[in-house]
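Notes to accompany the following structure.
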Amino acid sequence: MAETSSHKNTKTRGLSGSKTEVPIPGNRRLDASSSKIAREVERSSGKKSLARAIRRLNTQTNKKKELLVLTPNLDKAKEVAERVAKGKLLIQNLSRTQRRFVE
Numbered sequence: 045m046a047e048t049s050s051h052k053n054t055k056t057r058g059l060s061g062s063k064t065e066v067p068i069p070g071n072r073r074l075d076a077s078s079s080k081i082a083r084e085v086e087r088s089s090g091k092k093s094l095a096r097a098i099r100r101l102n103t104q105t106n107k108k109k110e111l112l113v114l115t116p117n118l119d120k121a122k123e124v125a126e127r128v129a130k131g132k133l134l135i136q137n138l139s140r141t142q143r144r145f146v147e
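Heads up: the sequence shown begins at 45 in the working numbering, then just goes up one per residue.
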């Protein structure tokens, strides 16, 4: 499926010197990664797809992990992250005005 322009813009905004579509184990790809931050953008609202995005972030051990979701999905993403996430995870809406934090 093709990437929308908003998805493409969101994943790299604010990450100077970042790489996009970074290969990770299991023939998967992380949306964006810099030396300090790993970022995944998930625009769908399904719990399975949110869990998959969080598992992709779990592969990054020594970086801050950010999951960007649509505003209506913030609480659902937090609920899924509490079950699936390993370590700390920051969940924000696409414009980064609202956030949830999971430890």
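Backbone N, C-alpha and C define an ideal beta-carbon position, used for all residues, glycine too.
For ARG73, the uninterrupted beta strand (DSSP E) run begins and ends at 72 to 77, by DSSP. When the Cα atoms are used, ARG143 and PRO67 turn out to be separated by approximately 27 angstroms. Of all alpha-carbon atoms in GLU123, PRO69, ARG127, the one lying nearest the alpha-carbon of GLN104 is that of PRO69.
DSSP places ARG99 in the helix class (H, G or I) of the three-state scheme.
At the C-beta level, ARG72 and GLU65 stay beyond 8 angstroms of one another. Where ALA82 is concerned, the enclosing beta strand (DSSP E) starts and stops at 81 to 86.
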